[in-house]
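J.: Before anything else, here's the structure in question.
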Amino acid sequence: MNLKSISKIFLIVSIPVVFLSLLSSHAISADETTDYPVPPPPFSEGIFPCSGCHAGMEVNTNIRELSFHEDIKLKHFDGWCFNCHNPDNRDVLRLASGKIITFKESEYLCGQCHGEKFRNWKVGVHGKRTGLWNGRKEYRLCVHCHSPHQPRFKPLKPLPPPVRPEDSKYKTIEQIPLNPLNSIKE
Amino acid sequence: MSDLFQPAKNLFTAMKFVAKGGKWYYGWLALLSLFIFIGAISYIKQLDKGMILTAMRDQVSWGFYISNFTFLVGVAAAAVLLVVPAYLYNFKPIKEIVLLGEILAITAIIMCLMFVISDLGRPERGWHILPLIGAMHFPASLLAWDVLVLNGYLAINCIAVFYVLYRLSLGKEYKMSVLWPIIILSIPWAISIHTVTAFLYNGLSARPFWNASILAPRFIASALCSGPALMLLIFQIVRRVSKMEISNTAIFKIAELIAYTMGLNLFLFAAEFFKEFYSGSVHLAPMQYLYFGLHGHSNLVIWMWLAFIFNLTAFFIFLRPKTRENFFTLNLACVLIITGVYIEKGMGLIVPGFIPDVLGEIYEYGPSLIEKGVALGIWAAGALFFTLFLKFALPVYTGELRFKSSGFERKE
Amino acid sequence: MLKKTGKHPLYKSVDRRSFLKGTAFGLASLAIPFGTSDASVWDAFFQKHFREMDDDEIKSVIKRMEKEYADEYKTDFKIKTTGPLPGVKFGYGLDLSLCIGCRRCVYACVKENNQSRDPQIHWITVLQFKNGERWVNVFEEADRYYNPQEVPEEGHFYMPVQCQQCENPPCVKVCPTQATWKERDGIVVIDYNWCIGCRYCMAACPYGARHFNWGKPHIDKSEINPDVHYFGNRPRYKGVVEKCTFCIQRTRENPGRYPACVEICPVGARKFGNLLDPESEIRYCIENKRVFRLKEDLNTSPKFYYFFSI
Chain A
7 MNLKSISKIF LIVSIPVVFL SLLSSHAISA DETTDYPVPP PPFSEGIFPC SGCHAGMEVN
67 TNIRELSFHE DIKLKHFDGW CFNCHNPDNR DVLRLASGKI ITFKESEYLC GQCHGEKFRN
127 WKVGVHGKRT GLWNGRKEYR LCVHCHSPHQ PRFKPLKPLP PPVRPEDSKY KTIEQIPLNP
187 LNSIKE
Chain B
15 MSDLFQPAKN LFTAMKFVAK GGKWYYGWLA LLSLFIFIGA ISYIKQLDKG MILTAMRDQV
75 SWGFYISNFT FLVGVAAAAV LLVVPAYLYN FKPIKEIVLL GEILAITAII MCLMFVISDL
135 GRPERGWHIL PLIGAMHFPA SLLAWDVLVL NGYLAINCIA VFYVLYRLSL GKEYKMSVLW
195 PIIILSIPWA ISIHTVTAFL YNGLSARPFW NASILAPRFI ASALCSGPAL MLLIFQIVRR
255 VSKMEISNTA IFKIAELIAY TMGLNLFLFA AEFFKEFYSG SVHLAPMQYL YFGLHGHSNL
315 VIWMWLAFIF NLTAFFIFLR PKTRENFFTL NLACVLIITG VYIEKGMGLI VPGFIPDVLG
375 EIYEYGPSLI EKGVALGIWA AGALFFTLFL KFALPVYTGE LRFKSSGFER KE
Chain C
59 MLKKTGKHPL YKSVDRRSFL KGTAFGLASL AIPFGTSDAS VWDAFFQKHF REMDDDEIKS
119 VIKRMEKEYA DEYKTDFKIK TTGPLPGVKF GYGLDLSLCI GCRRCVYACV KENNQSRDPQ
179 IHWITVLQFK NGERWVNVFE EADRYYNPQE VPEEGHFYMP VQCQQCENPP CVKVCPTQAT
239 WKERDGIVVI DYNWCIGCRY CMAACPYGAR HFNWGKPHID KSEINPDVHY FGNRPRYKGV
299 VEKCTFCIQR TRENPGRYPA CVEICPVGAR KFGNLLDPES EIRYCIENKR VFRLKEDLNT
359 SPKFYYFFSI
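Residue numbers (the numbering used here), protein chains in the order written: chain A, 7 to 192; chain B, 15 to 426; chain C, 59 to 368.
As structure tokens, this is what we get:
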């Protein structure tokens, strides 16, 4: 098969792909206004918009123990809040260049330091990506898996090991074992 | 004189001969029938619940059935050892007993087929493997080859035995011009059934223990030990219970041949043992499991050393004319060889192919009750078939049983 | 073996009555298809090899099976026979530096592909290795039964293994009945109605990817996935071999979803795509990462690439 016929096939294939993916029930609630389709950022309950509290507050640029956000322990390089958060408007983030971005595009912020990860992420090689292998894909923001304040991936409880061959015997089934996957919520 | 009912009458005559016997004979038949019953019940349970009743699992996916199959292919092939001197060198004393060897070969092949069918997850789909009506994967699959050569070998031996018995039963001498081509064909064919069976395992690069080119030669060598040893025992029983005369010369000649083949078998074993242990590559693991145990798993170690000691002892017994011509030591050596080869070419060959398994797991397999039951049933069925066949064939051979011709065939 | 079954509460000891019943059932199953009035049993018995059936025959076989499955699992089945997509050859990537051994993939696969819950069948085996132990060609130090409170365990790494969809598959070569073959998109499939259960393919597979239905497969009706493919996740039978098909029922669609294991992986270690598409992520992996394949020395040429992103 030559290149031309392959590209023709791709063309034929891609038209219904684009069309169907718009209708597809697998389509995710990702924001179409961003460069990469991602689900909404994982804010803590009731914390966003930040301006709800911060709008009238004076900006304190001293590095200190936070009194309200006591749950935030920064274990992510030797930085502090305003490396990423924008002191002038807390509802958005600020790149080192001074450029303002929304929380929905935080990958650009992470990508400032983690360039290789960012490159891999863009092509779908780093990080979880779901959807259609030959159609529309859903990305995850870096912060969906890595808390920005403590980015190390959280350990998980493994699902049960397989049954050993010596324990796999004939038995009269009273209850068929259920899939342990159904017991986890993630 | 044409008589349409003559074949039926002949069958009746034959059945009368087969049914006659002493209390030992009936006892033997009853015992075999009991074993066959146990085997049948076991197999029916296996059919019903599935092969989960065996001890085989994904890690060790072949076990006792395939082990027995492999051993029996060897027994079947060994008939050749008797055919070669008998016909090629016209060695008279052996010639008279080739018939027994061929009947044993037929029995062994039938048992092989029974063991393979017992090992199938879907025996009712067995016809899928056949050419024309099924989708035989020939020539790519060695199992397809095996189906062909085993059935071919069965056919060749059946034809030879049938022809000889047919002629003799009518009181005529069989013609060498008819038998000769069959014999010439059966010699390489016997080698081929065991070679193909060896290649069946040999061709799997996933299983380093089998993927050694010495496998086929070792198969042949060990078969040429156990098969004739089994024959020697059968000969002695036959000449005790029937009028068939088997001379000591023939028995001692075969014993001498076994000494040579056992020598070869031990040499090939040493070659393999040296290569694996001296080079000590990662492919040593199955061999280490067999002879010294692996990561604390050593179920087969005692058996393998026992087999080795048996084979070695039998070799020396057969080597010395004095001991091989003494019936006590001769029979002892026969039993040792049969047991030794049964361990070595049965479980000792199949199980280490799967230990450790391809992902490194060690699951120590040992046959379950159901597997033992089915195997017992098949061995008993084989013994029963062999007994009844001999009960018919021996009187024909000795001239006690004669059929009347139905008069259809050409007068000579 | 049978005696031991009495010890566990899930097992019932085999008493004489159930023994006799079993014997009777066994005899009955021997008698099939003889002496039954149900024509579909005969149809199943005489069903041809999939590739020898014409469209009408396939249609009637599918109809029969949909009814059989519906009767057994009390839900409507849709059995697809979708063929390979043109210009597609599937490839898989697995990032070993990310895998944490959580086994989510194992059970997502079980759920999607209707594996038997009892006797248990898993198409994916996750191996745990100690750092510094022999691993890539020797698996004896591997542990597939690890079960700590949390993974990843300190000082360990993980390698999931499933069907490697070899370009040169030894399992296909050895099958005596041509019940398994490689399709144009590179997926090695099995016709579960043609397999005789000889397990030669399992002996030939260097990756432990093939699994046998040692007993009748059991799946709770509430957990059945009725969206199935003939070569993929349709419920299997006792006594046949099965294996991973890269979720053929998902991936052969246009557009097609990622395999279930890719979709579930919480760390995004699993990558999938079209090897013939230069823009696919699998091609990116192969071209930009140092990939390796398992047991390269056997020349099976898997389309399953392991790599390290870190």
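Idealized CB from N, CA, C, for every residue including glycine. Here the structure is a predicted model, which means the values were calculated and not measured.
1) Which bits of chain A does LYS63/B rub up against, with CB to CB less than 7 Å?
2) Can you tell me the Cβ-Cβ gap for ASN95/A and SER57/A, rounded? I've got them flagged as a contact below 8 Å.
3) Roughly how many angstroms separate the alpha carbons of LYS347/C and VAL388/B, rounded to a whole number?
4) Which of the residues in the stretch 70 to 102 of chain B, read from start to end, lie with their CB under 8 Å from any CB of chain A?
5) Name the two residues that bound the continuous beta strand (DSSP E) containing THR27/B.
6) Go through the stretch 265 to 328 of chain C residue by residue and report every complete run of the alpha helix (DSSP H) that reaches 4 residues or more, in order.
7) Could you tell me the distance, in whole angstroms, from the CA atom of VAL196/C to the CA atom of PRO218/C?
8) Run through the stretch 313 to 382 of chain B for me and flag every whole alpha helix (DSSP H) of 4 or more residues, listed as ranges in chain order.
9) Tell me the residue span of the alpha helix (DSSP H) that contains ASP153/C.
10) Drop a sphere of 10 angstroms on the beta-carbon of GLN156/A, count the other beta-carbons inside from all chains shown, and report buried for 16 or more, exposed for fewer.
11) For SER256/B, which option in VAL210/B, PHE31/B, GLN20/B has the closest C-alpha, if you only look at C-alpha atoms?
12) By the criterion of Cβ-Cβ separation under 7 Å, what are the contact partners of VAL119/C in chain B?
13) Going along chain A in order, which residues have a C-beta closer than 7 Å to the C-beta of LEU67/B?
14) Check whether chain A comes within 7 Å of TYR377/B, counting only Cβ atoms and requiring the distance to be less than that.
15) Would you kindly work out how many angstroms separate the C-alpha atoms of PHE341/B and LEU271/B, rounded to a whole number?
16) Taking DSSP's pairing of strands, which residues face ASP201/C in a bridge?
17) Please list, in chain order, the chain C residues whose beta carbon lies closer than 8 Å to that of PHE159/A.
18) In chain order, what residues of the same chain lie with their CB nearer than 7 Å to the CB of ASN189/C, ignoring the 5 residues before and after it?
19) I need the straight-line Cα distance from GLU126/C to ILE120/C, nearest angstrom please.
20) I'd like to know if ASP129/C contacts chain A, where contact means its C-beta is closer than 7 Å to some C-beta of that chain.
21) On the criterion of 16 or more Cβ atoms from any shown chain inside 10 Å, does ILE78/A qualify as buried, or is it exposed?
22) Are CYS172/B and LEU246/B closer than 7 Å when you measure CB to CB?
23) Can you find at least 3 beta carbon pairs, one from the stretch 291 to 299 of chain C and one from the stretch 266 to 276 of chain C, that sit closer than 8 Å?
24) Does PRO171/A come within less than 7 Å of chain B when only Cβ atoms are used?
25) Compare the beta carbon distance of PHE152/B and PHE83/B with 7 Å and say whether it is the shorter of the two.
26) Counting only the same chain and skipping the five closest in sequence on each side, list residues whose C-beta sits under 7 Å from that of LEU67/B.
27) Go ahead and pull the three-state DSSP assignment for HIS155/A.
28) Whole angstroms are fine: how far does the CA of GLY41/B sit from the CA of LEU78/C?
29) Under the three-state reduction of DSSP, which class applies to LEU99/A: helix, strand or coil?
30) Could you have a look at PRO409/B and say whether DSSP puts it in helix, strand or coil?
31) Of all the options ALA174/B, TRP203/B, LEU184/B, which has the alpha carbon lying nearest to the alpha carbon of LEU193/B?
32) Reducing DSSP to helix, strand and coil, say where HIS208/B ends up.
33) Among CYS119/A, PHE49/A, LYS177/A, whose alpha-carbon lies nearest the alpha-carbon of ARG89/A?
34) Can you pull the chain A residues whose beta carbon is under 8 Å from the beta carbon of ALA9/C, in chain order?
35) According to DSSP, what are the bridge partners of ILE137/C?
36) Does the separation of the CB atoms of HIS132/A and LYS143/A fall below 7 Å?
T.: The structure says:
1) TYR176
2) 7 Å
3) 53 Å
4) ARG71, ASP72, GLN73, VAL74
5) No beta strand (DSSP E) holds THR27/B; the alpha helix (DSSP H) holding it covers 20 to 33.
6) 306 to 309, 318 to 322
7) 15 Å
8) 315 to 333, 335 to 338, 341 to 358, 361 to 364
9) Unbroken run through ASP153/C is the beta strand (DSSP E), 148 to 153; no alpha helix (DSSP H).
10) exposed
11) PHE31/B
12) Ordered by position in chain B, no residue passes the 7 Å Cβ test against VAL119/C, which lies about 15 Å from the chain.
13) TYR176
14) yes
15) 16 Å
16) GLN186/C
17) ILE158, VAL325
18) GLY213, HIS214, PHE215
19) 10 Å
20) no
21) exposed
22) no
23) yes
24) yes
25) no
26) LYS59, GLN60, SER382, ILE384
27) coil
28) Any answer about LEU78/C is weak, because its pLDDT of 49 lies below 50 and its placement is not dependable; what the coordinates show is given next. Roughly 27 Å between the two C-alpha positions.
29) strand
30) helix
31) ALA174/B
32) helix
33) It is Asn, not Arg, that sits at residue 89/A in the sequence shown. The option with the nearest alpha carbon to ASN89/A is CYS119/A.
34) What the structure shows of chain C is the stretch from 59 to 368, and residue 9/C is not part of that stretch, so it cannot be assessed.
35) VAL286/C
36) no
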